[in-house]
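Q: Numbers in my numbering are just positions in the sequence shown, counted from 1, shifted up by 16.
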Amino acid sequence: MTQTFSRTLACWLSRPLLLLTALFAFAATSLAQETAETTEARRPTVALVLSGGGALGLSHVGAIQELEAMGIRPDIVVGTSMGAVIGGLYAAGMSGAELEEVVQKVNWSGVFNPAPERDKLTYRQKQQQVDFPGTASLGVSGAGLLLPTGAISDQALMKELRRLTPARMNVQSFDDLTIPFRAVATDIATGEAVIIGSGELPMAMRASMSVPGVFPAFNLDGKLLVDGGLSANIPVSVARDMGADIVIAVWTPNELLKQEQIGSVVDVLSQTVSLLILANERAEIASMNSGDVLVRVDTGKIGPAAFTRGKDLIEAGRKSVQALGDKFAPIAKDRPPVSYAGIGDAPPPVISFVRIENTSRLNQSLLETRMASVLGKPADTDEINEALDRIYALGPFERVDYTMAEQEGLTGLIVRAEDSRRNAGRVRLGMIVENDFNTESDVAVSVDYRSAALDAYGSEIRAIVTIGDINEFGLEYFRLLEPEQSWFAAARAEIENRPVNIYSQRGFKTAGYDLTYGLLGIDAGRQFGNFGEIRVGTELGTGRAKLNEGAGPFNEVDIDTGRLFASAGLDTLNDPFFPRRGVSAKMRWTHGLEGLGDNADYQTMSASGLHAFTFGRNTVLTSVSGGLRLSGAPPIDTLYRIGGLFSLSGYRLDELAGENFLAGRLIYRRSLVNTDDVLFGVPLFVGGSIEAGEVWSEPDSFSLDDVRFGGSVYVGANTALGPVYLAFGRSEGGRQSAYLVIGRSF
Numbered sequence: 017m018t019q020t021f022s023r024t025l026a027c028w029l030s031r032p033l034l035l036l037t038a039l040f041a042f043a044a045t046s047l048a049q050e051t052a053e054t055t056e057a058r059r060p061t062v063a064l065v066l067s068g069g070g071a072l073g074l075s076h077v078g079a080i081q082e083l084e085a086m087g088i089r090p091d092i093v094v095g096t097s098m099g100a101v102i103g104g105l106y107a108a109g110m111s112g113a114e115l116e117e118v119v120q121k122v123n124w125s126g127v128f129n130p131a132p133e134r135d136k137l138t139y140r141q142k143q144q145q146v147d148f149p150g151t152a153s154l155g156v157s158g159a160g161l162l163l164p165t166g167a168i169s170d171q172a173l174m175k176e177l178r179r180l181t182p183a184r185m186n187v188q189s190f191d192d193l194t195i196p197f198r199a200v201a202t203d204i205a206t207g208e209a210v211i212i213g214s215g216e217l218p219m220a221m222r223a224s225m226s227v228p229g230v231f232p233a234f235n236l237d238g239k240l241l242v243d244g245g246l247s248a249n250i251p252v253s254v255a256r257d258m259g260a261d262i263v264i265a266v267w268t269p270n271e272l273l274k275q276e277q278i279g280s281v282v283d284v285l286s287q288t289v290s291l292l293i294l295a296n297e298r299a300e301i302a303s304m305n306s307g308d309v310l311v312r313v314d315t316g317k318i319g320p321a322a323f324t325r326g327k328d329l330i331e332a333g334r335k336s337v338q339a340l341g342d343k344f345a346p347i348a349k350d351r352p353p354v355s356y357a358g359i360g361d362a363p364p365p366v367i368s369f370v371r372i373e374n375t376s377r378l379n380q381s382l383l384e385t386r387m388a389s390v391l392g393k394p395a396d397t398d399e400i401n402e403a404l405d406r407i408y409a410l411g412p413f414e415r416v417d418y419t420m421a422e423q424e425g426l427t428g429l430i431v432r433a434e435d436s437r438r439n440a441g442r443v444r445l446g447m448i449v450e451n452d453f454n455t456e457s458d459v460a461v462s463v464d465y466r467s468a469a470l471d472a473y474g475s476e477i478r479a480i481v482t483i484g485d486i487n488e489f490g491l492e493y494f495r496l497l498e499p500e501q502s503w504f505a506a507a508r509a510e511i512e513n514r515p516v517n518i519y520s521q522r523g524f525k526t527a528g529y530d531l532t533y534g535l536l537g538i539d540a541g542r543q544f545g546n547f548g549e550i551r552v553g554t555e556l557g558t559g560r561a562k563l564n565e566g567a568g569p570f571n572e573v574d575i576d577t578g579r580l581f582a583s584a585g586l587d588t589l590n591d592p593f594f595p596r597r598g599v600s601a602k603m604r605w606t607h608g609l610e611g612l613g614d615n616a617d618y619q620t621m622s623a624s625g626l627h628a629f630t631f632g633r634n635t636v637l638t639s640v641s642g643g644l645r646l647s648g649a650p651p652i653d654t655l656y657r658i659g660g661l662f663s664l665s666g667y668r669l670d671e672l673a674g675e676n677f678l679a680g681r682l683i684y685r686r687s688l689v690n691t692d693d694v695l696f697g698v699p700l701f702v703g704g705s706i707e708a709g710e711v712w713s714e715p716d717s718f719s720l721d722d723v724r725f726g727g728s729v730y731v732g733a734n735t736a737l738g739p740v741y742l743a744f745g746r747s748e749g750g751r752q753s754a755y756l757v758i759g760r761s762f
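1) Distance, Cα to Cα, residue 51 vs residue 265?
2) If you count every other CB in all the chains shown that lies within 10 Å of the CB of residue 521, and 16 or more means buried, which is it?
3) Give me the Cα-Cα distance between residue 752 and residue 146, rounded to the nearest whole angstrom.
4) How should residue 272 be labelled, buried or exposed, when 16 other C-beta atoms within 10 angstroms of its C-beta is the threshold for buried?
5) Going by Cα to Cα distance, which pick from 463, 736, 108, 371 is closest to residue 217?
6) Run through the region 602-670 for me and flag every whole alpha helix (DSSP H) of 4 or more residues, listed as ranges in chain order.
7) Taking only the alpha-carbon atoms, compute the straight-line gap between residue 192 and residue 210 and give it to the nearest angstrom.
8) For residue 143, collect the residues of the same chain with a Cβ closer than 8 Å to its Cβ; drop the 5 residues on either side in sequence, then sort them by chain order.
9) Quick check on the burial criterion: 16 or more other C-beta atoms within 10 angstroms. Buried or exposed for residue 412?
10) I'd like the span of the beta strand (DSSP E) that includes residue 530, first residue to last.
11) Can you find at least 3 beta carbon pairs, one from the region 85-94 and one from the region 309-322, that sit closer than 8 Å?
12) Label residue 202 either buried or exposed according to how many other C-beta atoms from any shown protein chain fall within 10 Å of its C-beta, with 16 as the threshold for buried.
13) With DSSP run on the structure shown, which of helix, strand or coil describes residue 106?
14) Could you tell me which whole beta strand (DSSP E) segments of length 3 or greater appear in the region 242-279?
15) Among the candidates 541, 552, 560, whose CA atom is the shortest distance from the CA of residue 511?
16) Under the DSSP definition of a beta bridge, which residues are partnered with residue 712?
17) Would you decide whether residue 346 is buried or exposed? Buried here means 16 or more other CB atoms lie within 10 Å of its CB.
18) Using alpha carbons as the reference points, say which of 151, 61, 126 lies closest to residue 735.
19) Using the three-state DSSP reduction, which class does residue 121 fall into: helix, strand or coil?
20) Note down the Cα distance separating residue 609 from residue 581, rounded to an integer number of angstroms.
21) Under the DSSP definition of a beta bridge, which residues are partnered with residue 407?
22) Between residue 196 and the rest of its own chain, which residues show a CB-CB distance below 8 Å, the 5 nearest in sequence each way excluded?
23) First and last residue of the alpha helix (DSSP H) that includes residue 341?
24) For residue 749, name the three-state secondary structure that DSSP assigns.
25) According to DSSP, is residue 764 helix, strand or coil?
26) Taking 8 Å as the cut-off, does the region 671-688 touch the region 707-718 (at least 3 CB pairs, one atom from each stretch)?
27) From 73, 370, 382, 731, pick the residue whose C-alpha is nearest to that of residue 422; which is it?
28) If you draw a straight line from the alpha carbon of residue 260 to that of residue 314, how long is it in whole angstroms?
29) Hey, how far is the Cα of residue 526 from the Cα of residue 537?
30) Go through its chain and collect everything with a Cβ distance to residue 491's Cβ below 7 Å, but skip five positions before and after it.
31) With a Cβ-Cβ cutoff of 8 Å, do residue 741 and residue 729 count as a contact?
32) On the premise that residue 670 lies in contact with residue 680, defined as a C-beta separation below 8 Å, what is that separation, rounded to the nearest angstrom?
33) Comparing C-alpha positions only, which one of 307, 310, 446, 410 sits nearest to residue 472?
34) How would you call residue 374, buried or exposed, if buried means at least 16 neighbouring beta carbons within 10 angstroms?
35) Ordered along the chain, which non-local residues of its own chain (more than five positions away) have a Cβ less than 6 Å from that of residue 436?
36) How many whole angstroms separate the CB atoms of residue 118 and residue 180, which I take to be in contact at a CB cut-off of 8 Å?
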């Protein structure tokens, strides 16, 4: 009884103690929460503002890395131009280390290359590059020549921006990113700053870096936008409007030219733009408070186009922040831990539909088949970009891009395939020079016209005019017969006037003829994907060669052609003139028939092949070619010719002629710079070649003892006019020659 009473008493006495303990615990918890909330409420809002500056903006990566090391994670990110790209990726959840990795891996030369990747082109398009290497072009329509809205197409840039951002970057508000973000662009119609805070992150970044004259203006939500640097290159005021108490502005100033450096209209225009940007920069800097920090990045002599100097620029950004360490100490105090979990960490949605907005004449199904590979799969930016490239390579498009959309609970793509301006054709300009600094010098200028798509399958008209030491006119109607663009027919006409020379055994020109010749051809064939074709056809032609110099075997000869042919071709080279990888091969069988009007009945067969492989900066090309007379006596205009640079260097161009030939060569090339690092400069190469070859008349008269050997050393450049070579060649017997070759060889 006594024990029971004691336990009961102890229980009742303990209850107030427990209650008191609970009250103390509750009070302590409430006080801690109140203290945390008060601290949070008192913590200032910090904004990171990243300026524009082209390649100089890569220094923002280093600045971010150093701020991270100090424990500073901003509450807001605002960027202009390249600052919008770096800032957008950072706001989406990338760390400073990840930013450095991605910008170092970007192929900047590819980003600024307006041409589609060669492996996306058809075999025909690849051969057009070989026939006419010039890349500078203008649009042409019924209204006349159309000047481009930018020097460079933004197709590759948009592709790269999408590759860098996760598939789920279509958000209602950029406030929903890991860090709230704004990009700044400029309305070209009003000059006012446009603050982009929603939509697709890649499109916001692209609009912000529409450098006038470089990239076309970007149409976003009905506004034509150009680079944000023209209105707010250091957008401090934007950050302040978002509620920033403290602004950390990272500025990459582009130094003004000195008076003595201004010597051309380009310099004047460049300085004018720089002055406009500097004016708004000064206004934004003047608005900064005493608690703000301005980081002026010292990039030395690195210019705004030096995208290949990313490592140096990142280090410059890092050092510039380190130098202001004392100013960042108060800001770093009581900052929340850095987190990089972003929207991109969510699993990508499955693409359930693709809707194509096609403004070109091309058949809708032609575009749909090229997007079919992405359906039913999780959204993958690389795979989507590959599909877009296949459409863009068809030719008549200004831009091919997409947005992600929701429809009845499903996620899909809306692809916008924007036709070239006013359905314009394209005109390209070229130059051809072949000079051996001795007796031969041929110079010509050329124009290539390619029409816009004539029908839903992409049929076209192409014309080439060459004027100079040779004169040519070629016209072709190329008709595609079905949506897959496999089967085709073609009708063509060619007229040419050129010199044909005959040389002695010692290489002296003994006779020169003036050849005028016309040809009509009708072909049909099939294209195989992006790598090859087969073709059959008939050719009818007539012409005359007249002696105009020296003493030749005849004073005048009529040339009549009536022949059937079959040909096949393969091309996987990554570049038509300076390939680093791939193969190419051609084969042609020709049957001349007197019944079709030819001078004689005969048959010939020719073939060639080339393989390229690369290790580091070194590339080796191996090539073999040959031709045989199978029967009959081929007329003089069908003789095979060798001689000239890389074809028994040291001999004159086409010096050796015969009914049969065999040639081989091995060409070594070393890039003087990393070819992936070349941006606005010209890729330069040095190298040498070893060559062998011979021509002969009777098939059974060939002997290996007769094969001639030669070689060359050269400097080469891949330019907008095509390949340029400065070389010296020498063959056995003391035959030697220097060469300057620009554009395609004669």
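A virtual CB, placed ideally from N, CA and C, is assigned to each residue, including glycine. Since the structure is predicted, the reported quantities are computational estimates derived from the model, not experimental observations.
A: Looking at the coordinates:
1) Along the sequence shown, one-based indexing puts residue 51 at 35. Along the sequence shown, one-based indexing puts residue 265 at 249. Confidence at residue 51 is low in this model, with a pLDDT of 42, below 50, so the placement of that residue is unreliable and no value is reported for it.
2) Position 505 of the sequence shown, counting from 1, holds the residue named residue 521. Exposed: under 16 other Cβ atoms inside 10 Å.
3) Mapped onto the sequence shown, residue 752 falls at position 736. Mapped onto the sequence shown, residue 146 falls at position 130. Distance between the alpha carbons of residue 752 and residue 146: 27 Å.
4) The residue you call residue 272 lines up with position 256 of the sequence shown. Exposed.
5) As a position in the sequence shown, residue 217 is number 201, starting the count at 1. Comparing Cα-Cα distances from residue 217 to each of 463, 736, 108, 371, the minimum goes to 108.
6) none
7) Sequence index remark: in the sequence shown, residue 192 carries index 176 (1-based). Sequence index remark: in the sequence shown, residue 210 carries index 194 (1-based). Roughly 20 Å separates the two Cα atoms.
8) The residue given as residue 143 occupies position 127 in the sequence shown. The beta carbon of residue 143 sits closer than 8 Å to the beta carbons of 585, 587 from its chain, once the five residues preceding and following it are set aside; these are given in chain order.
9) Against the sequence shown, residue 412 aligns to sequence position 396. Buried, since its Cβ has 16 or more Cβ neighbours within 10 Å.
10) Position 514 of the sequence shown, counted from the start, is the residue given in the question as residue 530. Run containing residue 530: 525-544, per the beta strand (DSSP E) assignment.
11) no
12) Translated into positions along the sequence shown, residue 202 becomes position 186. Per the 10 Å Cβ criterion, buried.
13) The residue you call residue 106 lines up with position 90 of the sequence shown. Looking at residue 106 - three-state DSSP - the assignment turns out to be helix.
14) 262-267
15) Position 495 of the sequence shown holds residue 511. Minimum Cα distance to residue 511 is reached at 560.
16) Within the sequence shown, residue 712 is the residue found at index 696, counting from 1. Residue 712 is bridged to 676.
17) As a working mapping, residue 346 is identified with position 330 in the sequence shown. Counting Cβ neighbours within 10 Å, residue 346 comes out exposed, since fewer than 16 surround it.
18) Within the sequence shown, residue 735 is the residue found at index 719, counting from 1. Checking every option, the nearest Cα to that of residue 735 belongs to 151.
19) Numbered from its first residue, the sequence shown carries residue 121 at position 105. It is helical.
20) Numbered from 1 along the sequence shown, position 593 holds the residue referred to as residue 609. Numbered from 1 along the sequence shown, position 565 holds the residue referred to as residue 581. Roughly 11 Å separates the two Cα atoms.
21) Position 391 of the sequence shown, counted from the start, is the residue given in the question as residue 407. Answer is none; residue 407 lacks a bridge partner.
22) As a first step, residue 196 must be located in the sequence shown, where it is residue number 180. Cβ within range, chain order: 91, 92, 93, 107, 190, 258.
23) Start at 1 with the first residue of the sequence shown, and residue 341 comes out as number 325. Note, residue 341: alpha helix (DSSP H), 341-348.
24) Counting from 1 along the sequence shown, the entry for residue 749 is found at position 733. In this structure, residue 749 counts as coil in the three-state DSSP scheme.
25) Because the chain spans 17 through 762 in this model, residue 764 falls outside it and cannot be assessed.
26) yes
27) The residue labelled residue 422 in the question sits at position 406 within the sequence shown. It is 370.
28) Within the sequence shown, the letter at position 244 stands for residue 260. Within the sequence shown, the letter at position 298 stands for residue 314. Distance between the alpha carbons of residue 260 and residue 314 is about 26 Å.
29) Mapped onto the sequence shown, residue 526 falls at position 510. Mapped onto the sequence shown, residue 537 falls at position 521. For residue 526 and residue 537, the distance between alpha carbons rounds to 34 Å.
30) Here residue 491 refers to the residue found at position 475 when the sequence shown is read from its first residue. Counting only Cβ-Cβ distances below 7 Å, and skipping sequence neighbours, we find 479, 508, 509.
31) Looking up residue 741 in the sequence shown gives position 725. Looking up residue 729 in the sequence shown gives position 713. Not closer than 8 Å, so no.
32) For the purposes of this step, residue 680 is taken as residue 664 along the sequence shown, with counting starting at 1. For the purposes of this step, residue 670 is taken as residue 654 along the sequence shown, with counting starting at 1. Not really, about 18 Å apart at Cβ, beyond 8 Å.
33) One-based indexing of the sequence shown puts residue 472 at position 456. Of the listed residues, the one whose Cα sits closest to residue 472 is 410.
34) Reading the sequence shown from its first residue, position 358 is the one you call residue 374. Buried is the call here.
35) Within the sequence shown, the letter at position 420 stands for residue 436. If we look at residue 436 and ignore the five residues flanking it on each side, its Cβ neighbours are 412, 414.
36) Locating residue 118 in the sequence shown gives position 102, where the first residue counts as 1. Locating residue 180 in the sequence shown gives position 164, where the first residue counts as 1. Sure, about 6 Å apart at Cβ, within 8 Å.
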